[in-house]
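*Asks:* Under the numbering used here, the first residue of the sequence shown carries the number 165, and numbering increases by one thereafter.
Think of the CB as a built atom: it goes at the ideal place given N, C-alpha and C, for glycine as much as any other residue.
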Amino acid sequence: MVENASIVRLEPLPPATPGLAAPGFLVHLGDGRKIRARCVVAAIGAGNVPRIPAWVEQARAQLSSSCDPLSQHWRLSHAYDLVRSPTSLRTTLENWRNKRVLVIGGGLSSAHVALMATHAQASVSLCCRHFFRVKQFDVKPSWVGRYQHALRAEFYGTSDWQQRLQILRDAREGGSFTPEIMRDLQQASRLGCLQMLECAVVEQVQWREASPAHALASPDIPGHWQVLFSGCSTEPVAFDAICYATGSDIDVRHEPLFGEVLEAHPLAVHGGLPAIQPGSSNARITYLTN
């Protein structure tokens with residue numbers, strides 16, 4: 165059975181609940197319905213704690229003294245802020261039209277944002293701190309290939325949770341583009357609406373107020389960003405807007421949906437992931453992250 169609904173509450177049920185042979189959950193849906201479940205699989209991705217670059221706080225403080233709140237949103241944003249609201253995405257893309265936009269990141273989110281910006285007729289620069297990686301999946305293929313059993317044996321063979329966490333991080337490697345997305349990016353680059361900057365690390369971001377003459381001629385453009393990169397440029401580069409698609413982390417302690425579950429079934433958390441032992445009551449809720 166497939167249900168198109170949002171979950172607003174995950175209520176753990178006591179062992180003696182009628183109709184359940186074992187402890188389970190009462191899943192509260194946004195439309196008021198309730199579903200009983202013995203097990204719950206939470207395949208919600210790793211998106212509840214956006215990664216914020218160190219320079220963002222200072223840049224946002226500079227921007228707040230020059231622009232109204234609506235303008236601040238499209239001039240400096242995380243990709244997470246765009247995708248969680250269709251209205252926010254449309255408004256941002258409309259404001260990016262004919263603007264110089266910097267997209268920061270080396271994963272699929274950064275690529276999608278960059279391509280959408282080019283479709284909105286923006287002049288886009290896509291920068292990444294390493295060489296752009298092209299592969300079908302972020303996770304190493306060996307984890308689903310002929311050596312998967314050996315890799316899993318290594319993972320389950322250690323009882324050190326920090327070591328397990330490091331194995332998971334090493335397996336993922338980092339953001340990448342699929343071959344199809346890379347072809348789209350290269351096509352946009354050939355058309356002259358996208359510049360791809362590899363091994364470009366953002367070192368400094370400063371907001372520059374427009375000169376009095378420029379502000380009088382273009383009152384809707386109060387200023388611009390000056391971005392200094394290491395690895396590809398010695399002079400600051402001007403942009404009208406910045407979107408940092410720098411990824412996110414998962415932390416079950418920051419996910420409201422799991423609040424009651426963690427309170428009823430306390431468990432250790434390492435790197436944001438729950439330490440679930442096979443056969444324990446916590447094993448009845450499974451966390452899947454991308």
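Find the nearest neighbour of V204 within the set E419, D195 and G188, judged by alpha-carbon distance.
*Replies:* When only C-alpha atoms are compared, the closest one is G188.
*Asks:* Do you know how far the Cα of I331 is from the Cα of S306?
*Replies:* Each residue's alpha carbon lies about 13 angstroms from the other.
*Asks:* Does the Cβ-Cβ distance between V303 and S287 come in under 8 angstroms?
*Replies:* Against a cut-off of 8 angstroms, the Cβ pair of S287 and V303 comes out as no contact.
*Asks:* Which residues does DSSP pair with G387 in a beta bridge?
*Replies:* Paired residue(s): E373.
*Asks:* Excluding five sequence neighbours on each side, which residues of the same chain lie with their C-beta closer than 7 angstroms to the C-beta of G435?
*Replies:* L329.
*Asks:* Distance, Cα to Cα, L174 vs L421?
*Replies:* Each residue's alpha carbon lies about 6 angstroms from the other.
*Asks:* Thinking C-alpha only, which one of S235, H276 and I208 is nearest T256?
*Replies:* Nearest of S235, H276 and I208 to T256, Cα basis: S235.
*Asks:* Write down the C-beta distance between R224 and C231 rounded to the nearest angstrom, noting that I regard them as a contact closer than 8 angstroms.
*Replies:* The Cβ separation is near 10 angstroms, so there is no contact.
*Asks:* Mapping DSSP to helix, strand and coil, what is L177?
*Replies:* Correct three-state label for L177: coil.
*Asks:* For a quick check, are the C-beta atoms of V267 and C363 less than 8 angstroms apart?
*Replies:* It is not a contact, given that the beta carbons lie outside the stated cut-off.
*Asks:* Between which two residues does the beta strand (DSSP E) harbouring A402 extend?
*Replies:* V401 to F403 is the extent of the beta strand (DSSP E) around A402.
*Asks:* For L380, count neighbouring Cβ atoms within 10 angstroms of its own Cβ and tell me buried if that reaches 16, exposed if not.
*Replies:* Bear in mind that the predicted position of L380 carries a pLDDT of just 42, short of 50, making it too unreliable to give a figure here.
*Asks:* Are the beta-carbon atoms of Q359 and S289 separated by less than 8 angstroms?
*Replies:* A contact, by the Cβ cut-off of 8 angstroms.
*Asks:* Where does Y320 fall in DSSP's three states?
*Replies:* Here Y320 sits in helix by DSSP.
*Asks:* For my contact list, A428 and P179 are in at a C-beta cut-off of 8 angstroms; report their separation, rounded to the angstrom.
*Replies:* At roughly 11 angstroms, the Cβ-Cβ gap does not stay under 8 angstroms, so A428 and P179 are not in contact.
*Asks:* Are H388 and D413 closer than 8 angstroms when you measure CB to CB?
*Replies:* Result no, Cβ atoms of H388 and D413 do not sit closer than 8 angstroms.
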